[in-house]
Amino acid sequence: MKRRRTIGGLTKTNRVPVVETLDRQAPEGCFRVIGISVDSGDVWVEGTFNDFTIAKTFVDKKGFHGVTYYVHNDSNRVLYSNGG
């Protein structure tokens, strides 16, 4: 059987992720809660908090089915998430 050589690479698309249009990074020393709809992919900022425990409690109480919430810190790391 003869081997085929193909030229390939990653498939490029023109689709721009919604997350790039949103500033997830919280201000210095704060925590930002982001909500993402599982069905439609909509992204929004729920709020900015000065304390991680308050942000985490807010996410735990907010838990809707079909929405995932993320708590980001000021260096844009996800510290906590609650899937819906």
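Here the sequence shown stands for residues 24 to 107, numbered as in the working numbering.
Note that the Cβ used here is the ideal one computed from N, Cα and C, for glycine as well.
A quick note: this is a predicted structure, and the numbers were derived from the prediction, not measured.
Query	Result
E69 beta carbon less than 8 Å from that of G109	No answer is possible for residue 109: it lies beyond the span of the chain, which begins at 24 and ends at 107.
Host beta strand (DSSP E) of F54 (start-end)	54 to 60
Three-way DSSP call (helix, strand, coil) for F72 in this model	strand
Distance between T91 and D62 (C-alpha atoms, nearest Å)	10 Å
Neighbourhood of L102 by C-beta, 6 Å cutoff - its chain only, sequence neighbours within 5 removed	V94, N96
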